[in-house]
Amino acid sequence: MGRYVIRRLLQMIPVFIGSTFLIFFMVYALGDPVAALFGDKAPDPATAARIRKDLYLDRPLWEQYLHYMGQIFQGDFGTAFNGQKVTELMATAFPVTLRLTVVAILIEIVVGITLGVVSGLRRGKSIDTSVLVMTLVVISVPTFVTGYLLQYLFGVEWGWVRPTVSPDAPFGELILPGIVLALVSLAYVTRLSRTSIAENVKADYVRTAVAKGLPRRRVITRHLLRNSLIPVVTFIGTDIGALMGGAIVTERIFNIHGVGYQLYQGILRNNAPTVVGFVTILVIVFLLANLLVDLLYAVLDPRIRYA
């Protein structure tokens, strides 16, 4: 197991370098950060040249990238155009989005897997049809429609929750945004769980467990569910990074100043250091989440061994 982890960590290095270089190239080569800094006003050529030199933008792109990576390994992600350190923005944004992601993932796991198991065990019945129709509707409706609808009903019309989240973003206020963020992924988790349960319920190991006289609950939890969760765990693992980086719509609706909000502001203002810095951290989150998923395979299925 230890050698496998080391090998996977080494494999992450070229993936990390390739991903971050692609992001760096798209942000810096396809836009002009200096022009974006001045907005609609054209900068003085001498001033623009001095700023380019200070920001290392007068060098070839590969030198800019090496300089940026050298700064990252020293813990310096650069400075946003408003003069604030990108690390300071990260310190305020990532904890908020992390709490929002935890809420969304818990909703996915508890509700999605429960509905999937119930639907898979009753395949073809009315409850199975109802769950499939419900998940199809959830997948079809855009997130901004669901978000504004739930915000209006629960926050404005009925007054059960705050329509917007306070700057501290406590867990209690993140429940509704977490539901909105998790809905589409929850539908996919439900469908994956349902399909996997329905396929494995007739497997030989399940029939053997039933023939041995094991209680139905133990057959489902210890045998059927454990072996059926592998595709679900794969999806949830990759969804962690997607939820953290893809919460732009949800955070805009509920005025949450998290990663999605900072990315939106950075893209809107062509604030290259902010965009590249935040996306670099999200790349690391994706890589670590995938490593964790691979390690969980051996826990769920004892037949899987890593050399």
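Using this note's numbering, you'd call the opening residue of the sequence shown number 211 and step up by one each time. The beta carbon of each residue, even a glycine, is placed where N, CA and C say it ideally should be. Note that the structure is a prediction, hence the values are computed from the model and not measured.
Item, Value
"Between the CA atoms of R436 and L360 - distance to the nearest angstrom", "34 Å"
"Nearest residue (CA-CA) to I463, options I491, T356, G451", "T356"
"Buried/exposed call for D268, threshold 16 Cβ in 10 Å", "exposed"
"Spatial neighbours of N481 in its chain, beta-carbon cut-off 6 Å, leaving aside the 5 residues before and after", "A290, F291"
"Through-space distance from V347 to L316, alpha-carbon basis", "21 Å"
"Short Cβ contact (8 Å threshold) for V489 with F226", "no"
"Rounded straight-line distance, which links the Cα of N410 to that of V341", "19 Å"
"Boundaries of the alpha helix (DSSP H) in which A218 is found, first to last residue", "Per the sequence presented here, residue 218 reads as Arg, with Ala not at that position. Start and end: 212 to 239."
"Option in G334, T484, Q472 with minimal Cα separation from V306", "Q472"
"C-beta atoms of L384 and L310 nearer than 8 Å", "yes"
"Classification of S438 by the beta-carbon crowding that lies within 10 angstroms, buried from 16 upward", "buried"
"Closest Cα partner of I446 within the set V394, I407, R426", "V394"
"Coarse secondary structure for K412, derived from DSSP in three states", "coil"
"Outcome for I223 when other beta-carbon atoms lying within 10 angstroms are tallied against a minimum of 16", "exposed"
"Continuous alpha helix (DSSP H) stretch holding V438: start and end", "In the sequence on display, residue 438 carries Ser and not Val. Per DSSP, S438 belongs to the alpha helix (DSSP H) from 435 to 438."
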